[in-house]
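Numbering (this note's numbering), first residue to last: 281 to 836. Contents: one structure, followed by commentary.
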């Protein structure tokens, strides 16, 4: 067990009042570690390097990683010998692409032969995963220090100083009846998110102010709840924190809007895994993968294929991650998270992103704490964690979701004592959707009935549902609501509503990004309008479809 984990256990055993004098001693165990210092200094040099210098340095790291795996891993030596691969000869990237993919199943079956036996200072971690059994992996103890160097270096872009800054942490850690706990190792005060409510949020803020936290840190769901309760209590948090440092969960649009609005501070969020194989840094354009953490490829299905540089115990070369990533431009990506956990399925196999149910923030205005549950196709339950919610609010929420989903779903709602959390090691993580069903049927569907009311039609009869098009990256942050209008196959108009007048350049940028999503299938013109069209019965439709005749060709 690395010393950093031993310190965590010691920290749990020390009473809160005794931790203050020990704080500097415990903190130095992390920031004075040689692996942390060396990695952080290398990342500081990265900031000053040219693009050509970065490519050269990354290629050298790749060559070293391939050579190290060949020389020290029984599994990789056998693979390279079989394929006739010499890791230190020729173009390192060409060598890499000749290596077979490493899936989780292969990793599970071959862990001990992949692992480097000469690395004795290591510990075992277990990855979560949304389906199947967890995956075991061994981690060289130095990797945890190097990981924190990447985290702190990224946070430094938001003003974070690992020698001085302090965190107010909101994670799913069960503290019993305690409202907070001190953790000197990470210079943080950990708040009990399960005890937080509208009656004691003021006490939480007083404790945080006394501690002197200048950053709020934790799960998006927990930080969102903190901001919402503070706002409801009339407590002004603007300017109290320099940034919100979010981890582990997906960030939904309604959460992002609330957190940024209440704190008046930017959001920093990185993308990574327990396997420590990829590190994506979020900025206004999307996620950029740190080139000194490893090599990241994207498969045709959108899966990240990663080669890590930081774990000497278990080299991961072309390891397939279960997430879904879409390329935005040359260096930036959109991370959609676990594919199955974010999709709901209609009775005929229709697929909707669950976040589309609150695309305009309306649902989160109706309900405060809620979660979707799906056990079978076409059936969706809303669990509501609110004692004082009225029946009118519940019915309004059901109507809102029904207007978006149409006739593909039967919806119901109920008040519950608690929401479900997934396991994340010692912590618990919130998910907007608990998906207990996974569509195993056909991936192509014949559109029957009122097909034109739910889809856009491409030049040659292609069918694009609105659920396939997400507007979650920061290009669309000023859009409050949107609606597609189509009169002609292959051409449509996207009407958008914003709380401010967008410039021509901003509208053109949105139009460019929208048309990227449609590729060559459909051309879309973007217009800013004051209001969205409603049907004659006063209902909202995401697509107002005015094509009267079905185009030629087979629709799938």
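We put the beta carbon where it would ideally sit given N, CA and C, even for glycine. Just so you know, these numbers come straight off a predicted model, no measurement behind them.
With fewer than 16 neighbouring CB atoms inside 10 Å of its own CB, residue 385 falls in the exposed class. Restricting attention to beta strand (DSSP E) runs no shorter than 3 residues, the segment 467–535 encloses them at 468–472, 495–498, 524–526, ordered along the chain. Residue 544 and residue 379 have their C-alpha atoms roughly 47 Å apart.
The continuous beta strand (DSSP E) containing residue 604 extends over residues 603–607. Scanning 427, 813, 598 for the CA closest to the CA of residue 560 turns up 427. The C-beta distance from residue 615 to residue 551 rounds to 5 Å, short enough to meet the 8 Å contact threshold. Per DSSP, residue 365 lies in no alpha helix (DSSP H) segment and is marked neither H nor E. Distance from the Cα of residue 717 is smallest, within the candidate group 612, 623, 580, for 623. In the three-state DSSP reduction, residue 339 falls in the helix class (H, G or I). Segment contact: the segment 463–477 against the segment 431–450, three or more CB-CB distances shorter than 8 Å; contact assigned. In this structure, 596 is the residue among 596, 581, 579 with its C-alpha nearest to the C-alpha of residue 587. Non-local beta-carbon contacts of residue 360 in its own chain, meaning distances under 6 Å to residues more than five positions away in sequence, involve 350 in chain order.
Residue pairing for residue 632: DSSP places it in a beta bridge opposite 624. When rounded, the separation of the alpha-carbon atoms in residue 610 and residue 576 is 13 Å.
In the DSSP assignment, residue 692 forms a beta bridge with 661. Here residue 472 is buried. Its C-beta has 16 or more other C-beta atoms within 10 Å. Note that the C-beta distance between residue 605 and residue 571 is not below 8 Å. If you look at residue 777, you'll find it in the beta strand (DSSP E) that goes 771–777. Judged by beta-carbon spacing, residue 601 lies beyond the 8 Å limit of residue 680, meaning their Cβ atoms are not closer than that value. When DSSP states are grouped into helix, strand and coil, residue 570 belongs to the coil group. In the three-state reduction of the DSSP assignment, residue 699 falls in the coil class, being assigned neither a helical nor a strand state.
By the Cβ neighbour-count rule, residue 325 is exposed, with fewer than 16 other Cβ atoms within 10 Å of its own. Judged by pairs of C-beta atoms under 8 Å, the segment 334–352 does not touch the segment 453–464, as fewer than three such pairs exist. As the crow flies, the alpha-carbon of residue 355 is around 52 Å from that of residue 694. For residue 393, there is no enclosing beta strand (DSSP E); the enclosing alpha helix (DSSP H) covers residues 384–394. The closest CA to that of residue 786, considering only 767, 806, 648, 800, is found on 806.
Sequence-distant partners of residue 776 (beyond 5 residues in either direction) whose C-beta falls short of 6 Å from its own C-beta, in its chain, are 759, 762, 808. Distance from the CA atom of residue 663 to the CA atom of residue 462, rounded to whole angstroms, is 33 Å. In this structure, residue 591 and residue 556 form a Cβ contact; the two beta carbons are roughly 6 Å apart against a cut-off of 8 Å.
Distance from the CA of residue 593 to the CA of residue 403, rounded to the nearest whole angstrom, comes to 9 Å. For residue 321, the uninterrupted alpha helix (DSSP H) segment begins and ends at 314–326. Per DSSP, residue 401 lies in no beta strand (DSSP E) segment and is marked neither H nor E. Sorting 660, 603, 526, 825 by C-alpha distance to the C-alpha of residue 625 places 660 at the top. Within the model, the alpha-carbon separation for residue 793 versus residue 813 is close to 23 Å. Selection 804, 782, 780 evaluated against residue 791 yields 804 as nearest (Cα-Cα). Nearest to residue 646 by alpha-carbon distance, out of 364, 673, 638, 627, is 673.
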